[in-house]
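Residue numbers (the working numbering): 1 to 153.
Spelled out as structure tokens, the structure:
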């Protein structure tokens with residue numbers, strides 16, 4: 001039994017306890033969602049790309065890619081928090097990214113960046129992710145190509 005039989009004090013204590021639990025749950029959920037998004041199907045890439053900074057395009061080398069971000073090697077040092085445009089080799093994919101980390105490596109700077117925008121803007125990345133996750137494999141013994149079928153006839 002609580003030391004104070006006043007119902008208002010008991011209700012206030014219960015309300016505070018619920019608010020504290022909800023606050024902790026919200027913090028845990030936000031942290032979990034952020035970590036999950038950053039670890040989303042990261043695919044190792046090895047493709048050339050372009051970076052636009054201060055109105056000037058420079059070549060970069062894209063190292064890995066996910067729906068949440070990318071890493072690439074830049075000839076220029078960037079600063080954390082800086083926003084640049086990064087695109088694929090034919091500029092069919094890409095967009096605004098926010099630099100999250102910069103590491104000096106031989107031949108340039110390894111940049112870790114977070115892709116800006118919502119998921120609908122990231123759908124152009126799907127073919128790149130799919131081709132890296134599911135590379136083309138030769139047909140199996142039961143599978144034949146149209147060319148093989150035509151030769152057999």
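Note that the Cβ used here is the ideal one computed from N, Cα and C, for glycine as well. All values derive from a computational prediction rather than experimental measurement.
Going by Cα to Cα distance, which pick from 107, 106, 88, 77 is closest to residue 100? Numbered from 1 along the chain shown, position 100 holds the residue referred to as residue 100. The option with the nearest alpha carbon to residue 100 is 77.
Would you mind reading off the limits of the beta strand (DSSP E) that contains residue 113? Within the chain shown, residue 113 is the residue found at index 113, counting from 1. Start and end: 108–115.
Is the separation between the beta-carbon of residue 50 and that of residue 87 shorter than 8 Å? For the purposes of this step, residue 50 is taken as residue 50 along the chain shown, with counting starting at 1. For the purposes of this step, residue 87 is taken as residue 87 along the chain shown, with counting starting at 1. In contact: residue 50 and residue 87 (Cβ atoms closer than 8 Å).
Out of curiosity, what's the CA-to-CA distance linking residue 121 and residue 21? Your numbering for residue 121 matches position 121 in the chain shown. Your numbering for residue 21 matches position 21 in the chain shown. With a pLDDT of only 49 at residue 121, under 50, the local geometry of the prediction cannot be trusted, and the value read off the model is given with reservation. Roughly 35 Å between the two C-alpha positions.
Per DSSP, which one or two residues make a beta bridge with residue 70? Mapped onto the chain shown, residue 70 falls at position 70. BP columns for residue 70 point to 65, 113.
Pick helix, strand or coil for residue 23, following the three-state DSSP scheme. Against the chain shown, residue 23 aligns to sequence position 23. Residue 23: helix per DSSP, three-state reduction.
Using 8 Å as the threshold, is the C-beta distance between residue 114 and residue 69 below it? In the chain shown, residue 114 corresponds to position 114, counting from 1. In the chain shown, residue 69 corresponds to position 69, counting from 1. Cβ atoms of residue 114 and residue 69: closer than 8 Å.
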